[in-house]
Structure formats: structure tokens, C-alpha cells
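Here is the structure we will look at, set down as C-alpha cells.
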Amino acid sequence: MRILHVISMMASVSGGTTQVVQSLASSQVKAGQQVAVCTTAIGNRDGELLDVDALRAASPGVRYEAFPWELRAPMVSLAMRRWLREHLNDFDLLHVHGLYRFPPSYAAWLAHRRKFPYIAMPHGNLDPFLYRQSRQSVLLKRLWERWFDVPNLNGASAIHYTTEEERDRAGFLKLRAPSFVVPNGLDWPRFAQLPARGEFRARLGIGDAPLVLFLSRINFKKGLDLLVPAFSQVRARFPDAVLAMVGPDNEGYGSQVRSWVAEHALQDSAQFVDHLDGEAVLQAYVDADVFALPSYTENFGMVVAESLACGTPVVISDQVNIHREVSKAGAGLVTRCDVAEVADALCTLLPDAPRRQAMGRAGRDLVQRKWTWDVVAQDLSAEYEQIIARHSRRRAS
147 MRILHVISMM ASVSGGTTQV VQSLASSQVK AGQQVAVCTT AIGNRDGELL
197 DVDALRAASP GVRYEAFPWE LRAPMVSLAM RRWLREHLND FDLLHVHGLY
247 RFPPSYAAWL AHRRKFPYIA MPHGNLDPFL YRQSRQSVLL KRLWERWFDV
297 PNLNGASAIH YTTEEERDRA GFLKLRAPSF VVPNGLDWPR FAQLPARGEF
347 RARLGIGDAP LVLFLSRINF KKGLDLLVPA FSQVRARFPD AVLAMVGPDN
397 EGYGSQVRSW VAEHALQDSA QFVDHLDGEA VLQAYVDADV FALPSYTENF
447 GMVVAESLAC GTPVVISDQV NIHREVSKAG AGLVTRCDVA EVADALCTLL
497 PDAPRRQAMG RAGRDLVQRK WTWDVVAQDL SAEYEQIIAR HSRRRAS
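Heads up, the sequence shown is in the working numbering, so the first residue is 147 and it goes up one at a time.
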């Protein structure tokens, strides 16, 4: 099977979607499929180019095509347009990732026009919460949807959601295309042997202090306006507790978060770490007593799954779309997007080591049963085969 993935950018700063596409492509190659990823050459910073060689080294066998761009915001790339027009039909199936950008929108439009089988994966972009951020954002999204993405979604061979909750939240659009649910996954061998505790704590210089970890982009939707004041309440009960906020600043939001830290007099207990990767990420997870992500919207929550895979219990909001699975497995506590509830959940878990350990074991079991790429790739391959078979029957009739 020859599969083409199209995504706007593969730079790590763009968040979990890039990690999903890279890991998915690698797992498909391991399963014997031929896989290419088409993207822009946009890097992590303005003027910086994507390190394609590093991607190829990390994903042996995956073909990466990265193109220059003319307009950064919509990520318009005329070179990509030419390549897609020339090479789309070299593949059996197109899988487009995301919305509201030229690469996935144009690729889906081209496939729709050619009656070529394609899957559209919104990656949480259809959550109604994202429509309420600004009038300008809503207007631009509505126009782009009307002209491109809604016709593309309706014309798709299938829409790929990662949770039932994501599919339910997209219901207001009344899309006509068939859909399926296959979750994201983790590369379990990476988590099979976890690092010893202590390295991340040594980096922070905190010893055995109670540690709450936030690891994600510093972004408005992540609920940091809830977590910081909630942690202020935690400090009232546990004066030596530490909050570590790990992740790149997204759209300058970090200055706002730092102002909240100062407002609550948490400068000595809230630490910022700009970026971690590789083994250092696992060290952060295993050293944390609790992982916190009280997001206002979270399509899947790869960092939540990673924390669970490291045996660290989580406190997440009920807007993280895997909250039902986490709650059912007993792997963490779920709250509303409410400061008092987040604080109460953290204060419940921090002093209760036996409960945290039991949740940690439940979390690792949940990930290994449901959210590894070996399992996900098999389920997704079955969906691919059905779509290609339907397409072949239609062409033959």
C-alpha cells in the first residue's frame, strides 16, 4: 500500500500533530507500507528551515518532501502544489492532517477533484471552543471552511477522528462524509524501560519536594490561567510544592503566564523550562508526582498518554478528549475547567503516594492495551483497505 500524508509543517513547535504524523508514518513503514510525508520546510523559528535530515534519520524508510513557502500564515507553497499535481496519483491513498492551511486544504481539494481516495483528519480543529476566541478568527475560519474545508470534508472518503468525543463535538457542522475513530498511539518500546528518578529534579534543584508537571506548548487553550492560581492554593497546603512548566512559548503567551506567576507570588516555586526532548522528557515525567493539563480543548492529549505510559497519574479537565478513558481506568482525576476543582484534585493526590502509584500502574496498562502504534497501525490499515476497496468498486461500476 502506498500512502501519502500531507501536513502543513513538521517542526516540533507546532505541537503534537507533528509527532503523531512522524510516529504513524514510521509504524506504517514497519508494517511494510510505502509512506511519504509532504510538508512545508518551515522550521521552529522565523527564517529557520525544517531539519529534514533529522526527520529522515528518526524515521528510517519514510520519504519526506519539504517545500519552500510563499506566505507563512496560510503556508502557501506553489512548489508543493506542483508536486502534488504531478505525484498524487503515484499513491493509493491520501491522508491529510489539519485544516485552515494551504497544504491539507489544497491536497484534499485536488484529491476530491480527481475522485482520488482521501482521508481528512481534523486533529481537533473542529472543536467549537476554537470558534469562540475572536471575531477575526471566527470570520477567517468560516470563510476558509465555506470555500475549502467543509467541501473537502464532505467529499472525503472518510473523516478520521481520534476519539468519540472529538466526533461528537464536530456534530454541529453536520458533515456528510462517513467517519471512523482510531486513536493516536505511542511507541511503547520507548516507555518499556523508564529512566531512574532524580535527573529532572536535580536540574530544577528541588530534591524531594512535591512536583506538579505541565508539559505542553505555552498556549491559551492549555488552561494555564487555571493551573497557576490552582497551584497557588496548593502552595497554601504544601509550602514546598513546585510547579514545572515545560514547553515552548506559543504566540508570546508565556509573558501572560509569567505575569500570573508574579501576581500569585509564585516566582520561587514555579519554574519554566523552554524545551525538552528525548530522554529528558521521560525524566521529567517519571520525576513528577502529578501531571496536570486542565485544557479548554484537547483533541487527544499525547502528553497525557505519555505521562500515563511513564506511570505518572494525571489531573486533566473534562475537555481533554480522552478523559473518559482515563477516568474509567482509574489513571487520574478529571475536573471541570475550574480553579477550585483543579486545586482540590492536586491536593488530593500529592499527599497520597499509594493512590498515585496505583494510578500509575493503571495508566501504563491503559496505554499498553489501547494506545500503542502497533495496535493503532493495524486498526488504521484495516480502514485504509476498506476505503481503497470501495474506491476500486466504484471505479469498476
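All C-beta atoms, glycine included, are put in the ideal place defined by N, C-alpha and C.
What does DSSP give as the partner residues of residue i in its beta bridges?
{"i": "F360", "result": "M391"}
{"i": "L350", "result": "DSSP output for L350 lists no bridge partner at all."}
{"i": "S325", "result": "I305"}
{"i": "I265", "result": "H241 and A304"}
{"i": "E211", "result": "C184"}
{"i": "V380", "result": "DSSP, once it has assigned bridges, lists no residue as partnering V380."}
{"i": "V403", "result": "Its beta-bridge partners do not exist; DSSP assigns none."}
{"i": "I153", "result": "H243"}
{"i": "V222", "result": "L217"}
{"i": "T518", "result": "L332"}
Determine the direct distance from the alpha carbon of residue j to that of residue i, and round the result to whole angstroms.
{"i": "A416", "j": "V198", "result": "35 Å"}
{"i": "G270", "j": "T309", "result": "10 Å"}
{"i": "Y530", "j": "L239", "result": "8 Å"}
{"i": "R510", "j": "M147", "result": "32 Å"}
{"i": "N235", "j": "V296", "result": "23 Å"}
{"i": "I462", "j": "G178", "result": "37 Å"}
{"i": "R191", "j": "M156", "result": "12 Å"}
{"i": "R381", "j": "M448", "result": "28 Å"}
{"i": "Q154", "j": "R228", "result": "The question names Gln, yet the displayed sequence has Ser at residue 154. Near 16 Å, if we compare the C-alpha coordinates of R228 and S154."}
{"i": "P459", "j": "R540", "result": "48 Å"}
{"i": "L373", "j": "S441", "result": "9 Å"}
{"i": "G353", "j": "A411", "result": "21 Å"}
{"i": "K516", "j": "F446", "result": "13 Å"}
{"i": "P341", "j": "L428", "result": "7 Å"}
So what does DSSP say about residue i, is it helix, strand or coil?
{"i": "L272", "result": "coil"}
{"i": "E148", "result": "Looking at the sequence provided, one finds Arg at residue 148 rather than Glu. Correct three-state label for R148: strand."}
{"i": "L340", "result": "coil"}
{"i": "L299", "result": "helix"}
{"i": "L195", "result": "strand"}
{"i": "K320", "result": "coil"}
{"i": "N235", "result": "helix"}
Is residue i a contact residue of the ligand FAD, with contact defined as CB to any heavy atom under 6 Å?
{"i": "E487", "result": "This structure simply doesn't include the ligand FAD, nor any ligand for that matter."}
Unbroken stretches of the alpha helix (DSSP H), 4 residues or longer, contained in the segment 411–450:
425–433
Any chance the segment 430–437 sits against the segment 399–416, with 3 or more Cβ pairs inside 8 Å?
no
Pairs of beta-carbons, one from the segment 491–510 and one from the segment 473–483, closer than 8 Å: are there three or more?
yes
Counting only runs of 3+ residues fully inside the segment 445–507, write out the beta strand (DSSP E) ranges in chain order.
460–463 and 478–481
Determine, using beta-carbon pairs with one atom in the segment 344–360 and one in the segment 386–393, whether at least three such pairs fall under 8 Å.
A contact exists between the segment 344–360 and the segment 386–393.
Is the segment 494–503 touching the segment 520–528, taking contact as three or more C-beta pairs under 8 Å?
no
With a threshold of 8 Å, are at least 3 pairs of Cβ atoms found where one atom belongs to the segment 202–219 and the other to the segment 171–188?
yes
Is it a yes or a no for the segment 255–264 touching the segment 299–309, going by three-plus beta-carbon pairs under 8 Å?
By the Cβ criterion, the segment 255–264 is in contact with the segment 299–309, since at least three pairs of Cβ atoms, one from each stretch, lie closer than 8 Å.
Would you call the segment 365–377 in contact with the segment 330–339, where contact means no fewer than 3 C-beta pairs closer than 8 Å?
no
Does the pairing of the segment 215–222 with the segment 259–275 give three or more beta-carbon distances under 8 Å?
no
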